[in-house]
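> Here the working numbering is used: the first residue of the sequence shown is 11, the next is one more, and so on.
My structure is below; once you've seen it, I'll send some questions.
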Amino acid sequence: MSYIGRIAPTPTGYLHLGHARTFWTAQERAQAAGGTLLYRNEDLDPQRCKPEFRQTTLEDLHWLGLRWEEPVMHQSERMAHYRTAFEQLRDSGHLFPCDCSRRDIREATTAPHSEDGDPIYPGTCRSRSSNPIPQPAPDYNWRFRVPEGEVVKFTDGHFGPQQFVAGTDFGDFPVWQKNNLPSYQLAVTLDDATMGITEVVRGADLLVSTARQLLLYRALGLQGPEFFHCELLCDENGERLAKRHDALSLRELRAQGKTPEALREMWA
Ligand code: GLU
11 MSYIGRIAPT PTGYLHLGHA RTFWTAQERA QAAGGTLLYR NEDLDPQRCK
61 PEFRQTTLED LHWLGLRWEE PVMHQSERMA HYRTAFEQLR DSGHLFPCDC
111 SRRDIREATT APHSEDGDPI YPGTCRSRSS NPIPQPAPDY NWRFRVPEGE
161 VVKFTDGHFG PQQFVAGTDF GDFPVWQKNN LPSYQLAVTL DDATMGITEV
211 VRGADLLVST ARQLLLYRAL GLQGPEFFHC ELLCDENGER LAKRHDALSL
261 RELRAQGKTP EALREMWA
């Protein structure tokens with residue numbers, strides 16, 4: 011099976027040095043395997059994603075020396091596919107309708123947080139059935155009912171053996187949101203399967219999400235890829251780089267006269 015990798019930026023701001031390193035690693039791994047690199051534009055959220063950032067992201071990645079095969083996949087054009095997968099999961103009893111607000115979840119006294127900072131869903135609505143579908147459908151988020159206590163294991167190409175306990179390390183997570191958009195988890199699972207991705211290279215902040223996505227692959231009857239998570243870069247205060255770190259954005263570094271080679275030395 012030939013290697014197919016991908017880079018999947020979200021156009022909500024300028025790319026920073028951390029993104030550059032992850033995407034560069036994705037390209038290097040695809041090249042080393044004699045494979046292909048694809049590009050997915052993760053523009054699901056119309057409120058946060060901006061066309062100008064899509065443009066700056068493309069420019070910055072080209073400048074850095076990244077090349078991928080066309081066509082680019084745009085998530086915003088794939089709503090019908092996400093909808094079908096959501097209905098499949100709902101109709102096979104994997105989901106439940108939830109009307110808890112973020113605040114309800116935050117205030118549930120027993121709700122701890124998973125490693126990636128998401129509060130663990132306290133289970134308020136999980137015994138609700140998805141059949142019959144509540145009519146008229148009010149403002150529901152549809153959550154995946156995780157198999158309590160199951161240990162989800164995978165071997166990461168960089169970090170080695172990983173395991174996360176469903177219900178303890180992460181809780182029932184959203185699949186379809188009340189704003190009528192798929193969740194990140196559903197969209198990337200379906201997209202990676204549709205694109206035939208053989209290895210996902212991305213940041214270590216998504217290690218727990220890999221466990222969530224493995225449950226989705228199984229529930230959808232899809233074959234999951236391999237995973238390679240990259241260490242995250244931190245600023246001088248030890249904080250993870252985020253899109254607000256303008257000083258370490260590729261735009262700014264380039265404006266300061268840094269070359270792509272100099273950047274690669276910064277993260278080596
Ligand atoms: N779009 C996500 C991000 O920019 C990456 C998603 C993924 O690689 O699965 O963080």
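For glycine and all other residues, C-beta sits at the position ideal for the given N, C-alpha and C.
1) Please name the residue, chosen from Thr35, Met11, Asn51, that lies closest to Arg274 on a Cα-to-Cα basis.
2) In terms of DSSP beta bridges, what is Asn151 paired with?
3) Please name the residue in Ala18, Gln65, Leu217 whose C-alpha comes closest to that of Phe237.
4) Using 8 Å for Cβ pairs, my map puts Asp70 next to Leu260. What's the rounded Cβ distance?
5) Please confirm whether Leu225 and Asp245 have their CB atoms less than 8 Å apart.
6) Output the distance between the C-alpha atoms of Thr67 and Thr204, rounded to the nearest integer angstrom.
7) Take every Cβ of the region 205-213, pair it with every Cβ of the region 174-186, and state whether three or more of those distances are shorter than 8 Å.
8) Going straight from the alpha carbon of Asp201 to that of Arg116, what length do you get?
9) Given 7 Å as the limit, tell me if Thr20 has its C-beta closer than that to any heavy atom belonging to the ligand GLU.
10) Regarding Glu271 and the ligand GLU, is the C-beta to nearest heavy atom distance less than 7 Å?
11) With respect to the beta strand (DSSP E) encompassing Arg50, which residues constitute its N-terminal and C-terminal limits?
12) Under 8 Å between the Cβ atoms of Pro132 and His123?
13) Does DSSP classify Trp78 as helix, strand or coil?
14) Looking only at C-alpha atoms, which of Ala95, Arg113, Glu262, Glu249 sits nearest to Leu105?
15) DSSP on Ile14, reduced to helix/strand/coil?
16) Look up Thr165 in the DSSP assignment and give the residues it is bridged to.
Working from what's here:
1) Within the sequence shown, the letter at position 264 stands for residue 274. Closest by alpha carbon: Thr35.
2) Position 141 of the sequence shown holds residue 151. Its beta-bridge partners are Cys108.
3) Residue mapping note: residue 237 aligns to position 227 of the sequence shown, counting from 1. Minimum Cα distance to Phe237 is reached at Leu217.
4) To locate residue 70, count along the sequence shown from 1; it is residue 60. To locate residue 260, count along the sequence shown from 1; it is residue 250. Yes, they are in contact, since the Cβ atoms of Asp70 and Leu260 sit about 4 Å apart, within 8 Å.
5) Looking up residue 225 in the sequence shown gives position 215. Looking up residue 245 in the sequence shown gives position 235. No, these two residues do not count as a Cβ contact at 8 Å.
6) Along the sequence shown, read from residue 1 onward, the residue named residue 67 stands at position 57. Along the sequence shown, read from residue 1 onward, the residue named residue 204 stands at position 194. If I take the Cα positions, the gap works out to 23 Å.
7) no
8) The residue given as residue 201 occupies position 191 in the sequence shown. The residue given as residue 116 occupies position 106 in the sequence shown. Cα-Cα distance, rounded: 31 Å.
9) For the purposes of this step, residue 20 is identified with residue 10 of the sequence shown, where counting begins at 1. Yes, the Cβ of Thr20 comes within 7 Å of a heavy atom of the ligand GLU.
10) For the purposes of this step, residue 271 is identified with residue 261 of the sequence shown, where counting begins at 1. Glu271 Cβ: outside cutoff for every heavy atom of the ligand GLU.
11) Start at 1 with the first residue of the sequence shown, and residue 50 comes out as number 40. Residues 46-51.
12) As a working mapping, residue 132 is identified with position 122 in the sequence shown. As a working mapping, residue 123 is identified with position 113 in the sequence shown. No; because the gap between Cβ atoms is not below 8 Å, this pair is not in contact.
13) For the purposes of this step, residue 78 is taken as the residue at position 68 of the sequence shown. Looking at Trp78 - three-state DSSP - the assignment turns out to be coil, as it is neither helix nor strand.
14) One-based indexing of the sequence shown puts residue 105 at position 95. Cα-wise, what sits closest to Leu105 is Ala95.
15) Sequence index remark: in the sequence shown, residue 14 carries index 4 (1-based). Three-state DSSP puts Ile14 in a strand.
16) For this step, residue 165 is matched to residue 155 along the sequence shown. According to DSSP, Thr165 bridges with Pro171.
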